[in-house]
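First comes the structure, then the notes that go with it.
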Amino acid sequence: EAGVAQSPRYKIIEKRQSVAFWCNPISGHATLYWYQQILGQGPKLLIQFQNNGVVDDSQLPKDRFSAERLKGVDSTLKIQPAKLEDSAVYLCASSFSHQETQYFGPGTRLLVL
Amino acid sequence: TQLLEQSPQFLSIQEGENLTVYCNSSSVFSSLQWYRQEPGEGPVLLVTVVTGGEVKKLKRLTFQFGDARKDSSLHITAAQTGDTGLYLCAVRIGGKLIFGQGTELSVKP
């Protein structure tokens, strides 16, 4: 069974530029999550989708971050404009339902200069 | 203030040594999870503990949930280089997973 796929794996941008990350969850998983993991910290949930609807985006900085899961399968997370403090690993995870085990992708490492 | 405090933050040991890492809180939880995150990868669930005082073993790893369900420990016997990684504890709050800051373990040959 294929795991959670993420791309790109690495991205370096200048501050004030925009960037987008893509996630393809495990087939059949209804719940999709985006986490931000700053160096030296544990992952922090940014947004949770159930199919194509948003369940929780309370920790998403909505002035610069946006995410969508239009067809209830893959998802994109966008940052516009990026700030230095956005440098982090962005992890996507999926689960069969919101109470089931979450499976994480390898993450996208973002460096904002 | 972190909901889950993990200690130590960093640990560097030689292969074959034993170690224990801790996950502490002042809150009571219905369950607690441990994950391992290898360099360049996402976290992988190792175990979920549910009952106060519960002990679970996974090969050389022993997990314990505190009697009051406020804390947990992970003990590794005879560490191997393959145990290197970030060990994270996490709890579910309102359907959301909340992680500690992790213990970075380096096992040297």
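In the order they appear, the protein sequences are chains A and B. Basically the working numbering = 1-based index in the first sequence + 513. Just so you know, the working numbering puts -5 at position 1 of the second sequence, and the rest follows in order with no gaps. No residue lacks a Cβ here, since even glycine has one placed at the ideal position from N, Cα and C.
Beta-carbon gap between residue i and residue j smaller than 7 Å
i	j	result
glycine 36 (chain B)	glycine 620 (chain A)	yes
serine 1 (chain B)	leucine 26 (chain B)	no
phenylalanine 57 (chain B)	proline 556 (chain A)	no
asparagine 565 (chain A)	arginine 577 (chain A)	no
leucine 597 (chain A)	isoleucine 525 (chain A)	no
glycine 618 (chain A)	valine 532 (chain A)	no
valine 41 (chain B)	lysine 50 (chain B)	yes
Where the beta strand (DSSP E) containing residue i begins and where it ends
i	result
serine 19 (chain B)	Segment: none, serine 19 (chain B) is in no beta strand (DSSP E) and carries neither H nor E.
arginine 522 (chain A)	Run containing arginine 522 (chain A): none; DSSP gives neither H nor E here.
threonine 71 (chain B)	That residue, threonine 71 (chain B), is in no beta strand (DSSP E); it is neither H nor E in DSSP.
lysine 557 (chain A)	557 to 563
serine 540 (chain A)	Unbroken run through serine 540 (chain A): none, as it is neither H nor E.
aspartate 77 (chain B)	First-last for aspartate 77 (chain B): undefined, no H or E at that position.
is_contact[residue i, chain A] using C-beta, thresh 7 Å
i	result
leucine 26 (chain B)	no
lysine 102 (chain B)	no
glutamate 11 (chain B)	no
phenylalanine 4 (chain B)	no
lysine 64 (chain B)	no
Straight-line gap, residue i to residue j (C-alpha atoms, nearest Å)
i	j	result
glutamine 8 (chain B)	lysine 584 (chain A)	49 Å
tyrosine 16 (chain B)	leucine 68 (chain B)	6 Å
cysteine 536 (chain A)	serine 520 (chain A)	7 Å
serine 113 (chain B)	leucine -2 (chain B)	Outside the displayed span of chain B (-5 to 103) sits residue 113 (chain B), for which this structure offers no information.
arginine 63 (chain B)	alanine 601 (chain A)	32 Å
glycine 89 (chain B)	glutamine 615 (chain A)	12 Å
phenylalanine 562 (chain A)	serine 24 (chain B)	24 Å
phenylalanine 534 (chain A)	tyrosine 548 (chain A)	12 Å
Minimum Cβ-Cβ distance from residue i to chain B less than 7 Å
i	result
histidine 611 (chain A)	yes
glutamine 563 (chain A)	no
leucine 635 (chain A)	Any question about residue 635 (chain A) goes unanswered here, given that chain A covers just 514 to 626.
threonine 544 (chain A)	no
leucine 558 (chain A)	yes
proline 619 (chain A)	yes
DSSP beta-bridge partners of residue i
i	result
lysine 591 (chain A)	A:Ala533 and A:Ser579
alanine 606 (chain A)	A:Tyr546 and A:Phe617
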